[in-house]
Structures are given as structure tokens and as C-alpha cells.
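Shown next, in C-alpha cells, is the structure this report addresses.
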Amino acid sequence: MLRGLVLAVVVAVAAAGTAVAAPVTAAGPGALHDYAAEFAVPGAVAVVVTGGPQGRATTVPYGRTSDGDPVTGDTPFRIASMSKAFTALAVQRLAEQGRLDLDGPVAAALPGFAVADPRGQRMTVRHLLTHTSGLSDADVDEFALPPQESAAALVQRLRGLPLAAEPGTRFEYLNANYVVVARLVEVVTGRPFGDHLADAVFRPLGMDRTVATDRCDAAVPGLARGHVGAYGVQVPAPEIPSLCAGDGGIVTTADDLTRWLRFRLGDGTVPGGARLVGAAAMRDAVTPAPATGGYGLGWGIEDRAGGRVLAAHSGAIGTASSAITISSAGSGAFVLTNGRGAPALLAGQFVDGADGVDPGPPVTDPMRRIDLTLLGVTVLLAAGLLAAVLRAPGRARRLAGRRRTVSLPVLAVLAGLVLLPAVAAASGVVSTTAWVYAFWLVPAAGVLAVVLVAGGLAALAARGSARWRVRRSGAVGAGAHPVLHDVEDGVKVVHR
14 MLRGLVLAVV VAVAAAGTAV AAPVTAAGPG ALHDYAAEFA VPGAVAVVVT GGPQGRATTV
74 PYGRTSDGDP VTGDTPFRIA SMSKAFTALA VQRLAEQGRL DLDGPVAAAL PGFAVADPRG
134 QRMTVRHLLT HTSGLSDADV DEFALPPQES AAALVQRLRG LPLAAEPGTR FEYLNANYVV
194 VARLVEVVTG RPFGDHLADA VFRPLGMDRT VATDRCDAAV PGLARGHVGA YGVQVPAPEI
254 PSLCAGDGGI VTTADDLTRW LRFRLGDGTV PGGARLVGAA AMRDAVTPAP ATGGYGLGWG
314 IEDRAGGRVL AAHSGAIGTA SSAITISSAG SGAFVLTNGR GAPALLAGQF VDGADGVDPG
374 PPVTDPMRRI DLTLLGVTVL LAAGLLAAVL RAPGRARRLA GRRRTVSLPV LAVLAGLVLL
434 PAVAAASGVV STTAWVYAFW LVPAAGVLAV VLVAGGLAAL AARGSARWRV RRSGAVGAGA
494 HPVLHDVEDG VKVVHR
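So the mapping is simple: this note's numbering equals the position in the sequence shown, first residue as 1, plus 13.
Here it is as C-alpha cells:
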């Protein structure tokens, strides 16, 4: 989610490394520490599992939470869009139990679901899970504020919306697809989605510290609260208020997620030997669906050199980011953080190292240079706008009576108003209220926009006030008769 911000959600795996090298130490403390320092992440934890579902797990915690507590394997983190794979598994279980049909029409399983397009009758549950439903955020506007109150409310809002494509023919990553699935699960089971997920997935896997919330900003005890960063510093911040039912609401710990990782490396059985889903369902989840370019059921899939196949998913909301990668070679890794960054790259590097593949150079933060550039621009423009305020009186006197052209303050206000929606759109957030999200996505751009708008308005106000005073003083002078003083025969004469 942007939630991949949404917020913009990115389904990513690490940059390919093809040169075979000596095995790299899995989840070495140095790699996570270097990453945290590069992105100024306050707290993080990484886990790498090697040797299959029963193999060795290496856990490396780093830093502290915003409350000052050290990060441990038991610290809860938001995992955002990594939640989608859990939702898909719950649906697969219901399908195996005969309670719904993955390839059956959504409208038949979810009474009241309808779109203003006859093609909607051909939309299946699988289409929702693979983001090929035909729905588009250009119509759904899923990041609009205030957010929808529930999955049921969002389903109701979809009534009357058009489809952008024939179901099954075009991939468009859309969180709303999974919200509809969450509502479908509620209708089929007669229970809240989070409660069903706890009984159907978390509890069998032993994930006792994991919960599924229906809000991205839901309060969870002990949660490692997130941060937003700018200029190389990350500060605690509240999460973006948004609906996260089925698409990104899970809060979990590294210890619990390790159990999930082991399960995904296996054949569908849980500790003790009981089967959660069949081996065919496990394979189906990581098999690319038609027209997706490499997306399965809650997983992005990529073929790598040497016959390796990686399945991965990242999770990003306004104040936290995470990622998980599993390899067909029997290794897997995830990274959880309480700040923004590029954890998908690091998780991919851990898996490459575990598989004996050169992981490539350390992950670097592309936003650092951008932030510093924005800082320089912000300082220069702030200085220019301050000068415009201070010089307003002299400018008004100098330009009195002249025709004025478009000035720096006007351009500054216009640029500030355009900047935030542009940043949000570039990050994948298409919304009528997109400008709000830019403060989470690129805080430095938010600061620049505030400086532009506030400074521009202040300069315009100062210039307007100065022009008014000049006109007023001119009007007073023009309305009075001049007083002339002459001296005649030693007597002062006043002419009016």
C-alpha cells in the first residue's frame, strides 16, 4: 500500500545478481545496520531462513521504537501490503472447503456487489486477487479523504462505477480489490474479516502476536510507531488515516513472521504436520496469472538466472515499510522497519546471499540527494520571498502607476499548490485529496510547498498593503490645494 503511501504500493524484488560467489552471511548485522544508517531508519529487524522450512533462521534487530524501547523479535510492526498474501491464503482455504469458487463470479458470491458495466458479471474472485478485475483507481479514488469506514462501505461505493478493462485482461495494482475480497470473506463466513483470519491462518501457524486491523492507523498495543523522514532525519509521525481491510492491515512481529516464512517455504503444512492448504494451492499462489506480468495471489513473481524463482511483496504505508522475499532454492528473508526506505532491495540481497549469488552493492537512499536538493531550493526561495516582503514598500513607490506583470510571489503560490498533487501522483496516488499524502510520501516537498504558498501569500499581502499606502498618500496629496508662500514688501503672503 502507500499505503504502497500508498500511501503507493510497490511489488518489488532485489536487483538481479547473476555472478555466483561464495555464500554471503545471511542477515549479517552489518548489512541491516548499514541500511538503517543510510535511510536514517530508527528501528528495524531482519530475518533470513536458509535450508528450507526447517532450516536455520537468523534474526537481527536494530535500533529502537519511537518510545525508546529496543527493537526485538517480539516488537509489533505494520506490514502493509504484505498482508495481501495472508488474505489470499484465507480465500484459498475457503475454496478448498467448497465455501467459495476462486473462478466463480464475484457477484454470485457477494450479494449487492455490482458495477455499472455488464462486464462486471464476468469478474471472478481470482481476478480480484491478481489485480485484473478491471477496476481502476482513476474511478475508485481509494485514497480519497475521509476514508471509507469499512469494507462493506467500499463495496457499496463501487456500485455505479465503470470498469476500465475487461476482467482478466489488464493488470492494475489496486488495494480496493483486496478490500472487496475481505468483504467477501465476511459474507461467506458470517464473521469479521480479522476474526476469521486469526482462526483460519494466524492461530494454526502459531502467530499469537499477530492481528489484522481494518484501519491503517489503528492503535495496536506495543506497535513500533512509524516515522517520516526528510533531510536525512526521521521523526515520529501519525499514520495516514485509511481503510486497510484485507489489503494491508496486519500488525505482526519478526518471531511470528518467521513462522509464516517457514510455512511459505513448505508444502502447506503447519507445525505438527496438519495441512493448512494443499500443495497445489501453495504453488498456485506463486504462479503468475495471465495478463499480470508476474503477479500471483498476493505475490510478485520473477524468474532469475540459474532457474531460481523469487516470490516477493513489499509493504509501504505513510510511516513504515517492509518486504519479504522467498526463493525456490529454499531460502527466504524479510525486513521490517518503522520508517520509510527500500526494504525490498535489502530482503532480496539477503536471499541472494543465502542462495550463493552475489547480492550486489549496498542499498543506497536515492531520496537523500533529492531531499538535499529540495532543501537548497527551499532555502533560496524562502530567502527570495522574505526579501520580497521586506522590499514591498520601496517596490510600491518605485512602480507606482506602472503596469504590473506576474511576479515571483504569484508564481510561488501557484507552484506550491501544484507541487503536492504532482508529488502524490508521481508516487502512484491518484486522488482528489492527493496533496495531503505528499506530506507523508516526500516530506521535503511538503515543506517546500508550505514555504512557497505561505511565503508567496505573505509577499503578496505585503505588496498589496504597500501599494494601498502609496495610493492613499497620493490621493491625499491630490485632493488638497497647494500652499504657496511668497514675501511681498517684507510681509508673508499665503496663496491658496
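Glycine included, each C-beta is placed from N, C-alpha and C at the ideal position.
Review point. First and last residue of the beta strand (DSSP E) that includes D371?
Key: Indexing the sequence shown from 1 puts residue 371 at position 358. First-last for D371: undefined, no H or E at that position.
Review point. Out of curiosity, what's the CA-to-CA distance linking P66 and A237?
Key: By 1-based counting over the sequence shown, the position of residue 66 is 53. By 1-based counting over the sequence shown, the position of residue 237 is 224. Distance between the alpha carbons of P66 and A237 is about 28 Å.
Check your understanding: To which residues does DSSP link S334 through a beta bridge?
Key -> On the sequence shown, residue 334 is found 321 positions in, with the first residue counted as 1. Per DSSP, A329 and T350.
Exercise for review: With a 10 Å radius around its C-beta and 16 neighbouring C-beta atoms as the bar for buried, classify L387 as buried or exposed.
Suggested key: Position 374 of the sequence shown, counted from the start, is the residue given in the question as residue 387. Buried, by the Cβ-count rule.
Practice item. Note down the Cα distance separating R476 from A409, rounded to an integer number of angstroms. Key: One-based indexing of the sequence shown puts residue 476 at position 463. One-based indexing of the sequence shown puts residue 409 at position 396. Taking the straight line joining both Cα atoms gives about 7 Å.
Exercise for review: Please report how far the alpha carbon of I330 lies from the alpha carbon of R485, in whole angstroms.
Suggested key: Within the sequence shown, numbered from 1, the residue matching residue 330 stands at position 317. Within the sequence shown, numbered from 1, the residue matching residue 485 stands at position 472. Each residue's alpha carbon lies about 54 Å from the other.
**Study point:** One or two residues paired with A243 in a DSSP bridge
**Key:** For the purposes of this step, residue 243 is taken as the residue at position 230 of the sequence shown. Looking at the DSSP assignment, A243 forms a beta bridge with V246.
**Study point:** Backbone secondary structure at L115 - three-state DSSP
**Key:** Locating residue 115 in the sequence shown gives position 102, counting from the first residue. Of the three classes helix, strand and coil, the one that applies to L115 here is coil, per DSSP.
**Study point:** Reduced DSSP secondary structure (H/G/I, E/B, other) of Y308
**Key:** Counting from 1 along the sequence shown, the entry for residue 308 is found at position 295. DSSP places Y308 within a strand segment (E or B) once states are collapsed to three.
Check your understanding: For A39, which three-state DSSP category applies?
Key -> Sequence index remark: in the sequence shown, residue 39 carries index 26 (1-based). Only weak support exists for where A39 lies, its pLDDT of 42 falling under 50; the coordinates are left without a value.
Point to revise | Counterpart residues of T63 in DSSP-defined beta bridges | key: Residue mapping note: residue 63 aligns to position 50 of the sequence shown, counting from 1. Note: T63 sits in a beta bridge opposite R69.
Check your understanding: What residue from A70, R91, P180 and R77 has the CA that sits closest to V119's CA?
Key -> Mapped onto the sequence shown, residue 119 falls at position 106. Selected option, being the one with the closest Cα: P180.
Exercise for review: For W481, count neighbouring C-beta atoms within 10 Å of its own C-beta (all shown protein chains included) and say buried if the count is 16 or more, exposed if not.
Suggested key: Start at 1 with the first residue of the sequence shown, and residue 481 comes out as number 468. W481 is exposed by the Cβ-count criterion.
Review point. CB-CB under 6 Å to T223, same chain, minus the five flanking residues each way: which ones, in chain order?
Key: Position 210 of the sequence shown holds residue 223. The answer, listed in chain order, is F215, T265 and D269.
Check your understanding: With burial defined as no fewer than 16 other Cβ atoms inside 10 Å of the residue's Cβ, what is the status of V496: buried or exposed?
Key -> Position 483 of the sequence shown, counted from the first residue, corresponds to residue 496. The predicted model places V496 with a pLDDT of 42, which falls under 50 and marks its position as unreliable, so this point remains unresolved.
Point to revise | Helix, strand or coil at E185 according to DSSP, with G and I counted as helix | key: Along the sequence shown, read from residue 1 onward, the residue named residue 185 stands at position 172. Residue state, collapsed to three classes: coil.
Check your understanding: Just how far apart, CA to CA, sit D116 and E199?
Key -> Walking along the sequence shown from the start, residue 116 turns up at place 103. Walking along the sequence shown from the start, residue 199 turns up at place 186. Each residue's Cα considered, the two are about 18 Å apart.
Check your understanding: At what residues does the beta strand (DSSP E) containing E315 begin and finish?
Key -> Taking the first residue of the sequence shown as position 1, residue 315 is located at position 302. It spans G313 to D316 - the beta strand (DSSP E) in which E315 sits, taken as one unbroken run.
Point to revise | Limits of the beta strand (DSSP E) - the one that V138 falls within | key: Along the sequence shown, one-based indexing puts residue 138 at 125. Here V138 belongs to no beta strand (DSSP E); instead the alpha helix (DSSP H) covers V138 to L142.
Practice item. Would you list the one or two residues that DSSP bridges to Y75? Key: For the purposes of this step, residue 75 is identified with residue 62 of the sequence shown, where counting begins at 1. In the DSSP output, where bridge partners are listed per residue, Y75 has A57.
Practice item. Determine the closest residue to C229 out of P374, V464 and S94, with distance taken between C-alpha atoms. Key: By one-based count along the sequence shown, residue 229 stands at place 216. Nearest C-alpha to C229: S94.
Check your understanding: By how many angstroms is the C-alpha of P254 removed from the C-alpha of I263?
Key -> Taking the first residue of the sequence shown as 1, we reach residue 263 at position 250. Taking the first residue of the sequence shown as 1, we reach residue 254 at position 241. For I263 and P254, the distance between alpha carbons rounds to 15 Å.
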